[in-house]
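Colleague: Just so you know, the sequences run in chain order A and B. Quick note on this note's numbering: the first sequence kicks off at 2 and runs consecutively. Quick note on this note's numbering: the second sequence kicks off at 8 and runs consecutively. So that we are looking at the same thing, I have put the structure below in structure tokens.
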Amino acid sequence: MQAINFENVKFSYSDAEENAFALRDVSFSVEEGEFLAILGHNGSGKSTLARLINKLLEPDEGKITVFGMDVSDPKNTFEVRKSVGIVFQNPDNQMVASIVEDDVAFGPENIGVEREEIGRRIDYALDAVGMQAFRHGTPTRLSGGQKQRIAIAGVLAIKPKIIIMDESTAMLDPRGRKEVMDVVLKLNKEEKLTVIMITHFMEEALLADRAIVMNRGEIVMQGAPKEIFSREEDLETYNLTLPAVSAISKALRAGGMDVQATVSLEELAKEIEECVSKRKI
Amino acid sequence: MKDVTFGQYYPAESFVHKCDPRMKIIFLIAYIVAIFVATNFYGLAVCFLGLVVTVVFSKVPFKSVLRSVKGVLFLLVFTAVLNVFFYKGSGDPLLHWKFINIYKEGIYYSIFLICRLFLLVMGSSILTLTTTPVSLTDGLESLLYVFKLMRLPIHELALIMSIALRFIPTLMDETERIMNAQKARGADFESGSLVKRAKALIPILIPLLISSFRRAEELGDAMDARCYSGSKERTKYKKLTFTWRDAVCLLLIALILTGVILFKVFFAALV
Numbered sequence: 002m003q004a005i006n007f008e009n010v011k012f013s014y015s016d017a018e019e020n021a022f023a024l025r026d027v028s029f030s031v032e033e034g035e036f037l038a039i040l041g042h043n044g045s046g047k048s049t050l051a052r053l054i055n056k057l058l059e060p061d062e063g064k065i066t067v068f069g070m071d072v073s074d075p076k077n078t079f080e081v082r083k084s085v086g087i088v089f090q091n092p093d094n095q096m097v098a099s100i101v102e103d104d105v106a107f108g109p110e111n112i113g114v115e116r117e118e119i120g121r122r123i124d125y126a127l128d129a130v131g132m133q134a135f136r137h138g139t140p141t142r143l144s145g146g147q148k149q150r151i152a153i154a155g156v157l158a159i160k161p162k163i164i165i166m167d168e169s170t171a172m173l174d175p176r177g178r179k180e181v182m183d184v185v186l187k188l189n190k191e192e193k194l195t196v197i198m199i200t201h202f203m204e205e206a207l208l209a210d211r212a213i214v215m216n217r218g219e220i221v222m223q224g225a226p227k228e229i230f231s232r233e234e235d236l237e238t239y240n241l242t243l244p245a246v247s248a249i250s251k252a253l254r255a256g257g258m259d260v261q262a263t264v265s266l267e268e269l270a271k272e273i274e275e276c277v278s279k280r281k282i
Numbered sequence: 008m009k010d011v012t013f014g015q016y017y018p019a020e021s022f023v024h025k026c027d028p029r030m031k032i033i034f035l036i037a038y039i040v041a042i043f044v045a046t047n048f049y050g051l052a053v054c055f056l057g058l059v060v061t062v063v064f065s066k067v068p069f070k071s072v073l074r075s076v077k078g079v080l081f082l083l084v085f086t087a088v089l090n091v092f093f094y095k096g097s098g099d100p101l102l103h104w105k106f107i108n109i110y111k112e113g114i115y116y117s118i119f120l121i122c123r124l125f126l127l128v129m130g131s132s133i134l135t136l137t138t139t140p141v142s143l144t145d146g147l148e149s150l151l152y153v154f155k156l157m158r159l160p161i162h163e164l165a166l167i168m169s170i171a172l173r174f175i176p177t178l179m180d181e182t183e184r185i186m187n188a189q190k191a192r193g194a195d196f197e198s199g200s201l202v203k204r205a206k207a208l209i210p211i212l213i214p215l216l217i218s219s220f221r222r223a224e225e226l227g228d229a230m231d232a233r234c235y236s237g238s239k240e241r242t243k244y245k246k247l248t249f250t251w252r253d254a255v256c257l258l259l260i261a262l263i264l265t266g267v268i269l270f271k272v273f274f275a276a277l278v
């Protein structure tokens, strides 16, 4: 089933002239259970996209549906927000309470879940992100990665079907990023959650089933991450940096070594090994 | 700066810590009433006894409780001195010099007042020492629930309060960061006159204010995304429950009040 569908969506933050559009004529869809990465340079419109799905913003033109529900219909707002959870960039700015379990409880409280059921949901959400041990603690002293995992738990407690990570790893150190990515992958594989990962870290996009590249409010590339990263020149025109592995293989090729464009570390290692052994003979 | 605990919560596992925050608030109110009902030293002695019992069962060192008085020490001395000078007793003054008359009653009354304020401040500090700001807010929300019938937005007020508490450490970190950034640019916050130092704080306050607005907006979005829609049809996960401990508290405060009232009835008022 189609989880999300965008049909010719246009959006601009001001009513000014044509080129102020944050999104111009965007159409795409996301299948249930899919892990989609949305890539783009700053100001490419990728975060606007996330906000439109959840009705934090409303499109000027076009139609957005979430599981068949028309997002623009005010009657659906609550249902749409129940099925789409967003984890934002700054972990500090999305926590409401000073105690972990209170914060996780915030969502279910809002939708009127019974007390006992909220307790079960907190258990489930904190277990899913591996933060059960911090249940009664305060988030202030936790690391960025841990805070962001609690933010994910807060969203999970509402039991959404889709989870959007709106540059949720941008402010984290590499370790925190890995923690969060591991949780997201697990949710996608085990809980069958549909994941939309908005990011400008190419390495994260590699883990996705499909990637969309945005530039100046338009979708400019679409396909499997591997396929996208093999088009190095195109990526550079959209101000995107290559994943480290691709960048190395490209540099090696420029230096005259016969290696194929690749995104996997193992493949690159094999290619280099082959080249080196050939040269020995 | 990071380790400044807001309020003065003293973490421990004690009888008083485990009491229901609502009971503690009620206890404090009743205790304050008792202090003001008492009109002689016997009554205050009863209150003091109650205070000592509470402190002992809270496992908070007496020193920490006393520390809370430090902040109001000046106020205490000031009030006492004023009372000594301006109290007009009957009979001859103890000391007479030009326009200053000091009466025996004046001195008694000053001491009485100091004791009263001491007990007041120490009693209130027990509440904040043994209750986290969060559970204090929970307790207040629950107690103020009565006013909801008068259409006061209690839930919203409690949410505002808990968000404010939640952001204190975050904003404190931010202040420190901005201050360091300004220091790195050569700003000087330590020297100069008071006015100069106050002026030096402006480049800190403005970025702080702007970033708070940005944070507020992001928080608003995050709350919206988590289905927040005000208090209607909202459930509450945390539930406060009265236990046997709270019954003991009730008994203690009843004893204190009875003691104070008995002493008030059977012994003469001091003033």
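Glycine is no exception: its CB is placed at the ideal position from the N, C-alpha and C atoms.
I need the DSSP call for residue 177/A, collapsed to helix, strand or coil.
Modeller: Three-state result, residue 177/A: helix.
Colleague: Comparing alpha-carbon positions, which option in 75/A, 54/A and 58/A lies nearest residue 65/A?
Modeller: For the residues 75/A, 54/A and 58/A, the minimum Cα distance to residue 65/A belongs to 54/A.
Colleague: If we count the other Cβ atoms within 10 Å of its Cβ and call it buried at 16 or more, is residue 270/A buried or exposed?
Modeller: Answer is exposed; the Cβ neighbour count stays below 16.
Colleague: Can you list the residues of chain A that residue 246/B reaches, using a CB-CB cut of under 9 Å?
Modeller: Those are 116, listed as they occur along chain A.
Colleague: Which class does residue 280/A belong to by DSSP, given the choice of helix, strand or coil?
Modeller: Helix.
Colleague: Closer than 8 Å by C-beta to residue 177/A: which residues in its own chain qualify, once you throw out the five before and the five after it? Chain order, please.
Modeller: 144, 145, 146, 147, 149 and 170, listed in sequence order.
Colleague: Shorter than 8 Å from the beta carbon of residue 232/B to some beta carbon of chain A?
Modeller: By this cut-off, residue 232/B is an interface position.
Colleague: List the whole-angstrom C-beta distance separating residue 211/B from residue 182/B, where the pair is believed to meet the contact cut-off of C-beta under 8 Å.
Modeller: With 8 Å as the limit, residue 211/B and residue 182/B qualify as a contact, their Cβ atoms being about 7 Å apart.
Colleague: First and last residue of the alpha helix (DSSP H) that includes residue 245/A?
Modeller: Run containing residue 245/A: 245-255, per the alpha helix (DSSP H) assignment.
Colleague: For residue 114/A, which residues from the same chain have a beta carbon less than 8 Å from its beta carbon, with the 5 sequence-adjacent residues on both sides left out?
Modeller: These residues qualify, in order along the chain: 122.
Colleague: With the cut-off set at 8 Å, would you say residue 126/B and residue 71/B are in Cβ contact?
Modeller: Taking 8 Å as the Cβ cut-off, residue 126/B and residue 71/B do not qualify as a contacting pair.
Colleague: Report yes if the C-beta distance between residue 98/A and residue 219/B is below 8 Å; otherwise report no.
Modeller: Not in contact: residue 98/A and residue 219/B (Cβ atoms no closer than 8 Å).
Colleague: Identify the contact partners of residue 235/B in chain A, using a Cβ-Cβ distance below 7 Å as the criterion.
Modeller: Near residue 235/B (Cβ distances below 7 Å), the residues of chain A are 111.
Colleague: Assuming residue 286/A contacts residue 153/A (C-beta within less than 8 Å), just tell me the rounded distance between them.
Modeller: Outside the displayed span of chain A (2 to 282) sits residue 286/A, for which this structure offers no information.
Colleague: As a quick exercise: from 111/A, 75/A, 79/A and 132/A, pick the residue whose alpha carbon is nearest that of residue 102/A.
Modeller: Checked all of 111/A, 75/A, 79/A and 132/A; the closest Cα to residue 102/A is 132/A.
Colleague: Tell me whether residue 241/B sits in a helix, a strand or coil according to DSSP, three-state version.
Modeller: The answer is coil: DSSP assigns residue 241/B none of H, G, I, E or B.
Colleague: Which residues in chain B sit within 8 Å of residue 197/A, going by Cβ to Cβ distance?
Modeller: Going along chain B, no residue has its Cβ under 8 Å from residue 197/A, so there is no contact; the nearest lies around 13 Å.
Colleague: If you draw a straight line from the alpha carbon of residue 267/A to that of residue 193/A, how long is it in whole angstroms?
Modeller: Each residue's alpha carbon lies about 28 Å from the other.
Colleague: From the DSSP output, in three-state form, read off residue 167/A for me.
Modeller: If DSSP states are grouped into helix, strand and coil, residue 167/A belongs with the strands.
Colleague: Give every residue of the same chain whose Cβ lies closer than 8 Å to the Cβ of residue 58/A, excluding the five residues on either side of it in the sequence, and list them in chain order.
Modeller: These residues qualify, in order along the chain: 12, 49 and 52.
Colleague: Would you mind working out which of 165/B, 191/B, 133/B and 124/B sits nearest residue 144/B, comparing C-alpha positions?
Modeller: Ranking the options by Cα distance to residue 144/B, first place goes to 165/B.
Colleague: Quick one: residues in its chain with C-beta nearer than 8 Å to the C-beta of residue 272/B, no 5 flanking neighbours on either side, listed in chain order?
Modeller: Nothing meets the Cβ criterion.
Colleague: Mind listing which residues of the region 16-43 of chain B have their C-beta closer than 7 Å to chain A's C-betas, in chain order?
Modeller: Within the region 16-43 of chain B, no residue has a Cβ that lies closer than 7 Å to any Cβ of chain A.
Colleague: Please report the straight-line C-alpha distance between residue 53/B and residue 106/B, rounded to a whole angstrom.
Modeller: Each residue's Cα considered, the two are about 38 Å apart.
Colleague: Applying the 10 Å Cβ sphere with the 16-neighbour rule, what's the burial state of residue 2/A?
Modeller: Classification for residue 2/A: exposed.
Colleague: So is residue 45/A buried or exposed if we call it buried at 16+ other beta carbons inside 10 Å?
Modeller: By the neighbour-count rule (16 or more Cβ atoms within 10 Å), residue 45/A is buried.
Colleague: Secondary structure at residue 144/A, three-state DSSP: helix, strand or coil?
Modeller: In this structure, residue 144/A counts as coil in the three-state DSSP scheme.
Colleague: How many angstroms separate the CA atom of residue 103/B from the CA atom of residue 45/B?
Modeller: C-alpha separation (whole angstroms): 31 Å.
Colleague: Cβ of residue 112/A within 8 Å of Cβ of residue 159/A?
Modeller: A contact, by the Cβ cut-off of 8 Å.
Colleague: Helix, strand or coil for residue 7/A per DSSP?
Modeller: If DSSP states are grouped into helix, strand and coil, residue 7/A belongs with the strands.
Colleague: Taking residue 57/A as the query, report the chain B residues whose CB atoms sit under 8 Å from its CB, ordered along the chain.
Modeller: What residue 57/A touches in chain B: 228, 231 and 232.
Colleague: Taking 8 Å as the threshold (C-beta atoms), are residue 277/A and residue 263/A in contact?
Modeller: Cβ atoms of residue 263/A and residue 277/A: not closer than 8 Å.
Colleague: In chain order, what residues of the same chain lie with their CB nearer than 7 Å to the CB of residue 80/A, ignoring the 5 residues before and after it?
Modeller: Counting only Cβ-Cβ distances below 7 Å, and skipping sequence neighbours, we find 70.
Colleague: Which bits of chain A does residue 176/B rub up against, with CB to CB less than 7 Å?
Modeller: Neighbours of residue 176/B on chain A, chain order: 141.
Colleague: Counting only Cβ pairs nearer than 8 Å, list the residues of chain A close to residue 172/B.
Modeller: In chain order: 99.
Colleague: Report the partner residues of residue 279/B according to the DSSP bridge assignment.
Modeller: Outside the shown range of chain B (8 to 278) lies residue 279/B, about which nothing can therefore be said.
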